[in-house]
Amino acid sequence: MKYTVEKLIPESMIRNRVIELGRQIEKDYSGEDNNLVVLGLLRGSFIFMADLSRQIGVGHSIDFLTVSSYGDGMSSSHKIDIIRDLSEEIQNKHVLIVEDIIDTGITLSQVCDYLMQKRPRSLEICALFNKPSRRVINVEVKYIGLSIPDEFIVGYGLDYAQKHRHLPYVGKVIMAE
Ligand code: IMP
Ligand code: MG
Numbered sequence: 001m002k003y004t005v006e007k008l009i010p011e012s013m014i015r016n017r018v019i020e021l022g023r024q025i026e027k028d029y030s031g032e033d034n035n036l037v038v039l040g041l042l043r044g045s046f047i048f049m050a051d052l053s054r055q056i057g058v059g060h061s062i063d064f065l066t067v068s069s070y071g072d073g074m075s076s077s078h079k080i081d082i083i084r085d086l087s088e089e090i091q092n093k094h095v096l097i098v099e100d101i102i103d104t105g106i107t108l109s110q111v112c113d114y115l116m117q118k119r120p121r122s123l124e125i126c127a128l129f130n131k132p133s134r135r136v137i138n139v140e141v142k143y144i145g146l147s148i149p150d151e152f153i154v155g156y157g158l159d160y161a162q163k164h165r166h167l168p169y170v171g172k173v174i175m176a177e
């Protein structure tokens, strides 16, 4: 299917918002040096993780979890599988999940259920993008970067069929007629 990518969110806007999120997270976890695990969901969060982690001036470890959700297209499959598990224990740790985007909420809701079994001291979510109009499951996301309309976006880690993750800005996918 033919499509084009049209710029939607410039690099500078993403950068500023990531700095603000980092500041807020740093404030909320101050005094918790080295009790915090910043946990990115791969692959979509890889760029956001790298930028956000550097804005959190509280000692933290990082870990990654790979779950399957969207396959290679634009429609959500409804059950996640753990493709790659955590490297470290999170029991009694403060865990902050870092996700690229929350859409229906199905992925994050299942990821939270899975992680809660590992008995973290606390569990919060930071999602860079949010599509509130698409939500089918209510998930509490403490830190949200930017809410966007119901568009399919790519860039800054997000893909369409594994393409465009490297774009420094975020664009929307426009299908040809
Ligand atoms: P959810 O389970 O419907 O909330 O979907 C979340 C996952 O779907 C995200 O982690 C993304 O990988 C993917 N996703 C949702 N919306 C978009 C989008 O607009 N662009 C790229 N990936 C998306
Ligand atoms: Mg994802």
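Using full-length UniProt numbering, you'd call the opening residue of the sequence shown number 1 and step up by one each time. Every residue gets a Cβ at the ideal spot worked out from N, C-alpha and C, and that includes glycine. Fair warning: this is a prediction, and the values are worked out from it, not measured in the lab.
Distance, Cα to Cα, residue i vs residue j?
i, j, result
"Thr66", "Leu39", "10 Å"
"Ile19", "Lys2", "36 Å"
"Val58", "Gln162", "33 Å"
"Ile83", "Asn35", "26 Å"
"Ile62", "Glu177", "43 Å"
"Leu146", "Glu140", "15 Å"
"Pro10", "Asn130", "16 Å"
"Leu21", "Tyr143", "7 Å"
"Pro149", "Arg121", "34 Å"
"Ile125", "Gln91", "17 Å"
"His166", "Ile80", "25 Å"
"Phe152", "Tyr29", "33 Å"
"Arg134", "Glu89", "33 Å"
"Val98", "Asp113", "15 Å"
"Arg23", "Asp33", "15 Å"
"Gln55", "Phe48", "11 Å"
"Ile14", "Leu86", "27 Å"
"Asp51", "Asp103", "22 Å"
"Val173", "Asn138", "26 Å"
"Ser68", "Asp100", "14 Å"
"Phe64", "Leu42", "7 Å"
"Lys27", "His60", "13 Å"
"Val5", "Lys118", "40 Å"
"Met175", "Pro132", "22 Å"
"Ile25", "Gly105", "22 Å"
"Val154", "Ser12", "16 Å"
"Leu128", "His164", "17 Å"
"Gly44", "Arg17", "17 Å"
Take the Cβ of residue i as the centre, count every other Cβ of all protein chains shown within 10 Å, and call the residue buried at 16 or more, exposed below.
i, result
"Val136", "exposed"
"residue 202", "Nothing about residue 202 can be read from this structure; the chain reaches only from 1 to 177."
"Lys93", "buried"
My guess is that residue i and residue j are in contact by the Cβ rule of under 8 Å, so how many angstroms apart are they, rounded?
i, j, result
"Phe46", "Gly157", "5 Å"
"Met116", "Leu123", "6 Å"
"Val37", "Val111", "Between Val111 and Val37 the Cβ distance is about 14 Å, and since that is not below 8 Å, they are no contact."
"Tyr160", "Lys7", "Between Lys7 and Tyr160 the Cβ distance is about 15 Å, and since that is not below 8 Å, they are no contact."
Discussion item. Extract the residue ranges of the beta strand (DSSP E) inside the UniProt domain "Phosphoribosyltransferase" (18 to 160), only unbroken runs of 3 or more that lie entirely within it.
Written reply: 36 to 42, 60 to 68, 81 to 84, 94 to 102, 122 to 130 and 143 to 147, all fully within the UniProt domain "Phosphoribosyltransferase" (18 to 160).
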